[in-house]
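Chemist: Per this note's numbering, numbering of the sequence shown is gapless, rising by one per residue and ending at 445.
Mind looking over this structure? Questions follow.
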Amino acid sequence: MYELKTKETDNSVIEFIEAIESPKKREDAYKLLDIFTETTGFEAKMWGPSIIGFGSYHYKYKSGHEGDAPLVGFSPRKAKISLYFAPGDTKREELLNSFGKHTTGKACVYINKLADINVDVLKVLIKQSVAFLKETYPGIGKEAEIT
């Protein structure tokens, strides 16, 4: 059976950020930590070895595959910073038009540095993603607020 690799851990978010080699990327990670924490109201948690996630929800696909994931998150990787939003949210594309310099994947938006993007649009993307997941997975309402 498939074992989900990205699970919430007890590892320290601050220790993870402090271990980032690039001073600029480390600075951006701290700024993103503040933005995501302030915007979501959730405490940051490590998911797997390198994702900083906020809140959580339990998903189940039609295929039967299920698991837990952060509502939103980011990972300051060597090449780019990955921003994690809800997969399947159709409003995301519209918001990305005024987001700034980025590339996209299925659930990720990749940026080089925080200075390349519009932080106000980032906050809207975070709020929209959380709202979309709460609508898609109604069971995460109040329970998600305490995870």
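Ideal Cβ positions, reconstructed from N, Cα and C, are used throughout, including at glycine.
(1) Please classify residue 306: does DSSP put it in a helix, a strand, or coil?
(2) Among 392, 386, 421 and 420, which has the Cα closest to the Cα of residue 404?
(3) Does DSSP classify residue 354 as helix, strand or coil?
(4) Quick check: the region 384 to 400 against the region 330 to 340, are there 3 or more CB pairs under 8 angstroms?
(5) Less than 8 angstroms between C-beta atoms, sequence neighbours within five positions excluded: which residues of the same chain meet that for residue 414?
(6) For residue 366, write down the residues that DSSP places opposite it in a beta bridge.
(7) What does the Cβ neighbour count give for residue 327, buried or exposed, with the cut at 16 atoms within 10 Å?
Modeler: Based on what the coordinates show:
(1) Walking along the sequence shown from the start, residue 306 turns up at place 8. Correct three-state label for residue 306: strand.
(2) By one-based count along the sequence shown, residue 404 stands at place 106. Residue 386 is the option with its Cα nearest to residue 404.
(3) Residue numbering aside, residue 354 sits at position 56 when the sequence shown is read from its first letter. Correct three-state label for residue 354: coil.
(4) Because the criterion of three Cβ pairs below 8 angstroms is not met, the region 384 to 400 and the region 330 to 340 do not touch.
(5) As a position in the sequence shown, residue 414 is number 116, starting the count at 1. Exclusion of the five residues before and after residue 414 leaves 398, 399 and 400 as the residues of its chain whose Cβ lies within less than 8 angstroms of its Cβ.
(6) Locating residue 366 in the sequence shown gives position 68, where the first residue counts as 1. Residue pairing by DSSP places residue 366 opposite 356 in a beta bridge.
(7) Locating residue 327 in the sequence shown gives position 29, where the first residue counts as 1. So residue 327 ends up on the buried side.
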